[in-house]
Structure formats: structure tokens, C-alpha cells
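Colleague: Just dropping this structure here.
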Amino acid sequence: MVESVFDWADPTTAHLWEAASKEQLVIQQCGACRQYQFYPRPFCLACDSDDIGWVAASGQGTVYSQTTVHLKAAPELGLVTPYVVAVVQLEEGPRLLTNLTGEACRIGSPVQVSWRSRPGQAPVPVFGLATP
Amino acid sequence: MLITGPDREVFISGVAEAPLGEVRDHSELSMIALAAREALADAGLTLRDVDGLFVNYLGEEGTVQVGEYLGIQPSYSDSSDLGGAAFVAFLGHASAALQTGRCRVALIVYASRQRTRATRKLNHWNEKATSPQFEQPYGLPAPMGQFGLLAARHMYEYGTTPEQLASVAVTARQWAGLNPKAWKRDPLTIDDVLESRLICAPLHRLDCCLVTDGGGAIVLTIGDRARDSANTPIRVAGTGESARQWHIPQLPSLEASPGVAAARAALQMAEVGHADIDVFEPYDASTISVLLALEDVGFCARGDAGAFVQEGNLTATGSLPSITSGGGLSYCHPGALGILLVIEAVRQLRGQAGARQVPGATVGLVHGIGGLFSTAATAVLVRG
């Protein structure tokens, strides 16, 4: 049986993966202090409010850091060595781990989201150099 | 709360390494038994005296399993999982337990055979519910992927160079050449490091620690019991710890590293300044780990650590002799190095470090990190 990301989801993250299955990147925003956060929690990390909602992220961001991995990845990840793992800072502020695809990026490069499909699971957000 | 007074002072009164390198004739538990009994003999004590037990990575209910094996029924047990930093943090935890009378003799032990077993996995990485969703799909090899990201950011913010990173590995190897127990002792050059294959760029294979077997034991006691011990007791003058993040994107900045809070707390408790430190034992999981440790502890301003190492300050003749065993990069890295950092600092402060002895060393600072650059623990150790 293929392990599904939904096996790991909880009521908070399930919404994110449902959106991902439609190739939409969503993040949380606090209704009280307006802070954005990623990954999702059932409360606001900044002000402890319960008034936490979902918004569509613009999908734009910049590369905060990146490393090119020369070790062999687990085959089920669909990554071919060498591949690039990066921390991307979304335009809204939160950072996430991701892969960079396509044309080479540098730290500070503007990037935009795309999606990598996975057999039996929701696709994951990856990033590539933003088209001006 | 600071518990003071001469009868409340805590000392490391015994240390020992377990068999190191490639261990085929022992299990982890028998390695621990050897190290524990040798460390207790070093302190003039036996297993019968131990009533406080501190372990990490030794299985489910680790203190119970190890306690049964050693024949100890501890009145105080601690298996806080702070990764490789745990063993430095245990100096603080054991001090508190000893000072409040929860135990009278504390034993910290560790062993692993990740070389012989051909695994780099300890028991916990990426098994939390968030990691399979938000980290594992991207293939970041822990922990060198995290260190690669930290190194790349350090280079971007401060202009740190690959040569400066490599100089950490070269310095560690120079020290290892003076340590007969070191795994790698042959000379190493900057070019050797830069020509070794890339692992997680910008880190090369020789920017990364060894994978060896090994372990050790530490005995702590309090007050007069410590002063009567068989060997020079080393006082635990200050300790601090901090846990910051599991997933590397959740680290707000390099300046927010967990090492900053841990080191500040330890230095304040010990009431010593940076200039008082004779020997520095940072956790060198990778070359960037040492640059971050120098800046987190405050030996260097942010961004200056690369030049500081390149100028030779960490060598035997430098201003801050560091990584004096050869460290995780060249001496031994049995999955978690923290216990060996403490043992090396104690040997230096006792004047028992042989060819690598830092002359007159009386104050040492041990700085452990753990997890995925997640935790840090610092201890200031003083002779006398």
C-alpha cells in the first residue's frame, strides 16, 4: 500500500493538502494580529489567538538558502542527484523547505511556486526562477 | 535558582572513553559497562555508589534498560533527548539533581556502533508527524543538508569562503595528529578538503564529521565526596541549554541560533568572560558548526569566525585552542559527540592530555549542539 500524506495529516493540515491536490498553495493568517504562518497549527504562534484562517499564498518568494545534494535520495521521492533543496521565504513572510527546479537560482533569487506530482499522494509545492 | 556554597559545588570526578573507532567485539551495552566502570574507578567509586543515571539514544526507557544492565536502581533518571547536545545538558541536569539531594553520584553514559552497523540513523530523525508532510518530500539528508543550508547562508551574509570552512577541518586534523586515539591522523590540506567530493554543497565530504563507533562515561559528585575523589575533580561552574527548532526553515536567522542562549546562560552562571577560557571544545559535526559555535558563544563577532579560524586561532599556538582531541571531524564521531567533548575538556583541565595538552589550562568551555541544529548546551568547567 502506498503511504499517503493524508496518513500524516491532522485536522489542521488536511486543508492544506486538499488545496495542494488542486495545486493551490495556502497558508494560515491570524484574524487577530494578521500574521501569516507556515506550517499550519491550530493557533497563532505570534499572538496565541484561536482566530486562525486560511488564505491563498501568492506563490511568489525568494530563496533564503539552498544546498545542492549529491547524495542519493530515496527513490520514492522522484529526485535525481544532484538536486537542490532550498528554504524559500514566501512573499507573505513564512519560510518553507522545498526543491528548486529548472534554471539555476541563487540566494535572493525571486522564485515562484510550481507542483511536483507524486503517485498516490497530493503534489508538493516546489519553486523555480520567477518569470519577470 | 542558583544553589551555591562550597558543599553544593558539583564536580566531574571521573571520565572514560568507551572503545572507539570500529568496535566488533562489543555491544553498545558492554561498551557502556566498560566506560562506566573505568570512569567510576577514575573517581574512586563503583557502580554500587551510582544513584543518578543519565542516557540518551539507548532505546525505549533507556535509563531503565541501561540501569538493569549495570545493576543500578537509580533514584533519579533522565533521558531528555536533546540530540548530541544532551550529554552537555546532562551536566546541568545532574548538577541540579545533586544539589537538591535527588542523587549523590550521577553517571552519564553513551555508546553507539553506527560505523559497524553501517547506519547513520540514531532513532528519531524525521519521525515526527510534521516532517513527513513538510520536509521529507524534498530529500534533505539530515543533518548535513541542514548544515549545507546554514553554510550557504553564512557565505551569503558574511562572505565566508570554502577555504575558511576547510581551515576548520585542517585545524581539527592537526590536533588529531597529537591524539593517538584519533581515527584520522594523517596530515590534511585545504586543497584536500576542497577536492573531496561534494555532499551537500557547499559542504564537501571532508567538511563533514566521521562516522565511527564509540562512547564514554562521566561521573559527577558533590561537595566533599568530590574533593576526596581519586583524581583531580573538575568543577561544573556554569551550564545552559536551549532548544530552538526541529525544522530548519523555522530558525528565524543565524543570530537566533540555539547556541546563543545556552552559552550566555553558562557564562553568566560561571561568572567568567571569554578571555578566561583556556580551551574550547565545540561540537564539530561539520566545519560550519564550528564557525557558528564561535559566533554563538561570542568568541567572534557575527561573520568573523571564518577569518578567525583561518588566522590559526584554534591551533595549539593560537589564542583559543579548540577541538583539541581532533573532534568529530578527525578523532571520533559515534553519532553523538557531546560526551566525548566533555571528556576531552576534563582531560585538558586535569593536565592529562599528553602531546595535545594546552599548557596551564584551568577554564574550559564545552559547546554541544544537537538534532538538526535544533538544540545547544554549554558548560563552563574549571579546575579546582
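Line order of the protein sequences matches chains A and B. Sequential numbering of the first sequence, starting at 758, is according to the working numbering. Sequential numbering of the second sequence, starting at -12, is according to the working numbering. Even glycine gets a Cβ: it sits at the ideal position worked out from N, Cα and C.
With DSSP collapsed to three states, give me the class of M758 of chain A.
Modeller: Residue confidence is low: M758 of chain A scores 42 on pLDDT, short of 50, so the model does not pin down where it sits. No coordinate-derived value is stated.
Colleague: In this structure, does DSSP put T158 of chain B in helix, strand or coil?
Modeller: It is helical.
Colleague: Of the residues B:F295, B:T87, B:P124, B:R334, which one's Cα is nearest the Cα of S874 of chain A?
Modeller: S874 of chain A has its Cα closest to that of B:P124, out of B:F295, B:T87, B:P124, B:R334.
Colleague: Have a look at T825 of chain A and L175 of chain B and give me their C-alpha separation to the nearest angstrom.
Modeller: Going from the Cα of T825 of chain A to the Cα of L175 of chain B covers about 25 angstroms.
Colleague: Applying a beta-carbon distance threshold of less than 9 angstroms, which residues of chain E neighbour G358 of chain B?
Modeller: The structure shown has no chain E; the protein chains it does contain are A and B.
Colleague: Using a Cβ-Cβ cut-off of less than 9 angstroms, list which residues of the segment 187 to 214 of chain B approach chain A; keep chain order.
Modeller: Listed by position, the residues of the segment 187 to 214 of chain B near chain A (Cβ gap below 9 angstroms) are C187, A188, P189, L190.
Colleague: So which of A:Q794, A:A861, A:G865 has the shortest CA-CA distance to Y821 of chain A?
Modeller: Comparing Cα-Cα distances from Y821 of chain A to each of A:Q794, A:A861, A:G865, the minimum goes to A:G865.
Colleague: Just the Cα atoms here: how many angstroms apart are M(-12) of chain B and M256 of chain B?
Modeller: Legend: pLDDT at M(-12) of chain B = 45, less than 50; position of this residue unreliable, value from coordinates given subsequently. Cα to Cα, M(-12) of chain B sits roughly 10 angstroms from M256 of chain B.
Colleague: Can you say whether G246 of chain B is buried or exposed, counting buried as having 16 or more other CB atoms within 10 angstroms of its CB?
Modeller: Flag for G246 of chain B reads buried.
Colleague: Can you grab the Cα-Cα spacing for the pair A93 of chain B / S82 of chain B, in whole Å?
Modeller: Taking the straight line joining both Cα atoms gives about 9 angstroms.
Colleague: According to the Cβ coordinates, are T304 of chain B and R343 of chain B closer than 8 angstroms?
Modeller: Contact flag unset, no.
Colleague: Considering just the uninterrupted stretch of the alpha helix (DSSP H) at E282 of chain B, what are its terminal residues?
Modeller: Here the alpha helix (DSSP H) through E282 of chain B covers 274 to 284.
Colleague: Quick one: residues in its chain with C-beta nearer than 7 angstroms to the C-beta of A163 of chain B, no 5 flanking neighbours on either side, listed in chain order?
Modeller: So the list reads A169, K171, R172, G313, S317, Y318, once near-sequence residues are dropped.
Colleague: With 16 as the cutoff for other CB atoms within 10 Å, does G39 of chain B come out buried or exposed?
Modeller: With 16 or more Cβ atoms within 10 Å of its Cβ, G39 of chain B is classed as buried.
Colleague: Would you check if the distance between the CB atom of V284 of chain B and the CB atom of H191 of chain B is smaller than 8 angstroms?
Modeller: No, these two residues do not count as a Cβ contact at 8 angstroms.
Colleague: Quick one, are the C-beta atoms of L193 of chain B and D179 of chain B less than 8 angstroms apart?
Modeller: Cβ atoms of L193 of chain B and D179 of chain B: closer than 8 angstroms.
Colleague: Tell me, please, whether the segment 18 to 27 of chain B touches the segment 72 to 90 of chain B by the rule of three or more beta-carbon pairs shorter than 8 angstroms.
Modeller: The segment 18 to 27 of chain B is not in contact with the segment 72 to 90 of chain B.
Colleague: Would you list, in sequence order, the uninterrupted alpha helix (DSSP H) runs of no fewer than 4 residues that lie entirely inside the segment 133 to 195 of chain B?
Modeller: Qualifying alpha helix (DSSP H) stretches, in chain order: 149 to 163, 177 to 182.
Colleague: Among the residues of its own chain, which have a CB less than 8 angstroms from the CB of G788 of chain A, if the five just before and after it don't count?
Modeller: Answer for G788 of chain A: S806, D808, I809, G810, listed in chain order.
Colleague: Identify the continuous beta strand (DSSP E) that holds V841 of chain A and give its terminal residues.
Modeller: 840 to 847 is the extent of the beta strand (DSSP E) around V841 of chain A.
Colleague: Please name the residue in B:G315, B:Y145, B:S67 whose C-alpha comes closest to that of E242 of chain B.
Modeller: When each option's Cα is compared against that of E242 of chain B, the closest is B:Y145.
Colleague: Who does H354 of chain B pair with in a DSSP beta bridge?
Modeller: According to DSSP, which records beta bridges pairwise, H354 of chain B is partnered with B:P269, B:T365.
Colleague: Decide yes or no for the touch test of the segment 216 to 232 of chain B against the segment 358 to 370 of chain B: beta carbon pairs closer than 8 angstroms, at least 3 of them.
Modeller: Short answer: they touch.
Colleague: On the CB-based measure, 16 or more other CB atoms within 10 Å of its CB, does A831 of chain A come out buried or exposed?
Modeller: So A831 of chain A counts as exposed.
Colleague: Please list the partners that R184 of chain B has in chain A, where partner means a Cβ-to-Cβ separation under 8 angstroms.
Modeller: Those are H827, listed as they occur along chain A.
Colleague: Please list the partners that E122 of chain B has in chain A, where partner means a Cβ-to-Cβ separation under 8 angstroms.
Modeller: Those within 8 angstroms of E122 of chain B in chain A are L854.
Colleague: Helix, strand or coil for A30 of chain B per DSSP?
Modeller: Coil at A30 of chain B, not helix or strand.
Colleague: According to DSSP, is G54 of chain B helix, strand or coil?
Modeller: Looking at G54 of chain B - three-state DSSP - the assignment turns out to be helix.
Colleague: Give me the chain B residues within the contact set of Y796 of chain A, using Cβ-Cβ distance strictly less than 7 angstroms, ordered along the chain.
Modeller: Result: T117, F121.
Colleague: Could you please give the first and the last residue of the uninterrupted alpha helix (DSSP H) stretch that includes A76 of chain B?
Modeller: From DSSP, the alpha helix (DSSP H) with A76 of chain B extends over 73 to 86.
Colleague: Shorter than 8 angstroms from the beta carbon of A831 of chain A to some beta carbon of chain B?
Modeller: So yes, A831 of chain A belongs to the interface.
Colleague: Name, in chain order, the residues that DSSP records as bridge partners for F41 of chain B.
Modeller: According to DSSP, F41 of chain B bridges with B:D65, B:I95.
Colleague: May I ask you to list, following chain order, the residues of the segment 221 to 242 of chain B that have a beta carbon less than 8 angstroms from some beta carbon of chain A?
Modeller: Against chain A - using a Cβ distance shorter than 8 angstroms - the residues of the segment 221 to 242 of chain B are H234, I235, P236, Q237.
Colleague: Taking the straight line between their C-alpha atoms, what separation do you get for V345 of chain B and P308 of chain B?
Modeller: Taking the straight line from one Cα to the other gives about 7 angstroms.
Colleague: If the cut is a Cβ gap below 9 angstroms, which residues of chain B does L847 of chain A touch?
Modeller: In chain order: nothing, as chain B lies at least about 10 angstroms away.
Colleague: In the DSSP assignment, what residue or residues form a beta bridge with S822 of chain A?
Modeller: BP columns for S822 of chain A point to A:V844.
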